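If you read the sequence shown in the working numbering, its first letter stands for residue 633, the second for the next number, and so on. C-beta: ideal position from N, C-alpha, C; glycine also. Values in this document were obtained by computation on a predicted structure and should not be read as measured data. Here the structure comes first, spelled out in structure tokens, and everything after it is commentary.
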Amino acid sequence: MQGFVSAAALGGFAVPAAALIVAAPPLFLDARRLGKTSAQTLERISLIIAAGRLIHELQRERGLSVGFLSKPEGDGTAVASQRQHTDTAHGAFGDLFSRQPADPVNDAVTQALNGLTAHRHSVDSRKLTPTQAALGYSGRIGTLLDLIALGVKSSARGRLARLGTAYLNLISAKEAAGQERAHLTGLLAAPNVEAAARRRAHDLREQQDMLLKLFAEGAGSELARFSRATLADSERVVTSLRYGALSEDASVHRPTAAMWFEAATRRIDALKEVEMRLEETMNHAALAVQGRSRRNLRWLLAAVLGSAGLLGGIATAAAGVW
Numbered sequence: 633m634q635g636f637v638s639a640a641a642l643g644g645f646a647v648p649a650a651a652l653i654v655a656a657p658p659l660f661l662d663a664r665r666l667g668k669t670s671a672q673t674l675e676r677i678s679l680i681i682a683a684g685r686l687i688h689e690l691q692r693e694r695g696l697s698v699g700f701l702s703k704p705e706g707d708g709t710a711v712a713s714q715r716q717h718t719d720t721a722h723g724a725f726g727d728l729f730s731r732q733p734a735d736p737v738n739d740a741v742t743q744a745l746n747g748l749t750a751h752r753h754s755v756d757s758r759k760l761t762p763t764q765a766a767l768g769y770s771g772r773i774g775t776l777l778d779l780i781a782l783g784v785k786s787s788a789r790g791r792l793a794r795l796g797t798a799y800l801n802l803i804s805a806k807e808a809a810g811q812e813r814a815h816l817t818g819l820l821a822a823p824n825v826e827a828a829a830r831r832r833a834h835d836l837r838e839q840q841d842m843l844l845k846l847f848a849e850g851a852g853s854e855l856a857r858f859s860r861a862t863l864a865d866s867e868r869v870v871t872s873l874r875y876g877a878l879s880e881d882a883s884v885h886r887p888t889a890a891m892w893f894e895a896a897t898r899r900i901d902a903l904k905e906v907e908m909r910l911e912e913t914m915n916h917a918a919l920a921v922q923g924r925s926r927r928n929l930r931w932l933l934a935a936v937l938g939s940a941g942l943l944g945g946i947a948t949a950a951a952g953v954w
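This is the structure we're talking about:
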């Protein structure tokens, strides 16, 4: 009777242990798949951030190029210096981008960036108007935004997906701010403001407002508060100068192109601070996902090894009972 009870007790432990060992292969495969997926997610997030940083440098280069072309005797020193920063960001982006598979969006990015040197030559030789130069940079930035959108769509679900969408909205808002900076810089350098140019400026402002609202909704309360505090001062100055630049009231003081460019640049730099904080948050979230998948794999391995040891002990004990 005692042997029967002991055998039954041992069998009660043996069945779940054996079941875990039998189920281990598909569980291991699933854990490895999740681990691979988390590694791919981290790589996509890294590529998204690298693309965002390249966009920022291209935005700065665009603004300086427009300023250079807006002055008949403009000095290209600042543009040349900025191009070094752009090339550094381009190199960091290229290291990650080179591992991406062939894709229409990726092909468009490659083609756009390959044409950057020729566009720079046209700026240096003053073959382009300020508007044409700005459009050339904006088109290249647009392909990078498409790449970020694709990466966000395929990166993850849950919190990472929300952060990725918030990042895309923030980067897009900063791009609209850069376009506004270039647009109003050229507008203020002209003797008159045409109605179409004024409407374009209003559209760019409304676009920024909408995208920043979407960013705040998706980024979470902490990042939204940080954004409001970081942008507060530069936002007030830009709002005032924007009103002066676009007002049809002759009594309103019209700012100079240089005044506007400096204020708009400070606001874009503030947006960059928010972008950097969001980059840090996204990196931490992606690393946390990868860390969880690795821990799950280790726990599964420990459970299987423990079950194997338990079965071995049960077999030994059973031999003693019988």
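Query	Result
Roughly how many angstroms lie between the CA atoms of residue 726 and residue 685, to the nearest whole one?	12 Å
Specify, as a first and last residue, the run of the alpha helix (DSSP H) that residue 802 falls within.	791-821
Give every residue of the same chain whose Cβ lies closer than 6 Å to the Cβ of residue 878, excluding the five residues on either side of it in the sequence, and list them in chain order.	830, 833
Select from 737, 752, 676 the residue whose C-alpha is nearest the C-alpha of residue 700.	752
Under the rule that 16 or more other beta-carbon atoms within 10 Å means buried, what is residue 744, buried or exposed?	buried
Does DSSP put residue 708 in a helix, a strand or coil?	coil
My guess is that residue 914 and residue 681 are in contact by the Cβ rule of under 8 Å, so how many angstroms apart are they, rounded?	7 Å
Could you say which of 888, 859, 828, 887 lies nearest to residue 907 if we only look at CA atoms?	859
Where does residue 825 fall in DSSP's three states?	coil
Can you tell me where the alpha helix (DSSP H) with residue 743 in it begins and where it stops?	736-746
At a cut of 8 Å, does the segment 834-852 reach the segment 880-891 through at least three beta carbon pairs?	no
Apart from the five residues on each side of it in sequence, which residues of its chain come closer than 8 Å, Cβ to Cβ, to residue 740?	775, 778
First and last residue of the alpha helix (DSSP H) that includes residue 869?	853-878
Could you check what DSSP says for residue 885 in three-state terms: helix, strand or coil?	coil
Hey, out of 909, 694, 719, whose CA is closest to residue 854's CA?	909
According to DSSP, is residue 760 part of a helix, a strand, or is it coil?	coil
Could you tell me if residue 697 is buried or exposed, where buried requires 16 or more neighbouring beta carbons within 10 angstroms of its beta carbon?	buried
Tell me the DSSP secondary structure of residue 714 in three-state form.	helix
I need the straight-line Cα distance from residue 901 to residue 894, nearest angstrom please.	11 Å
Would DSSP call residue 703 helix, strand or coil?	coil
Only counting the same chain, and skipping five residues up and downstream in sequence, which positions put a Cβ closer than 6 Å to that of residue 798?	847, 850, 851
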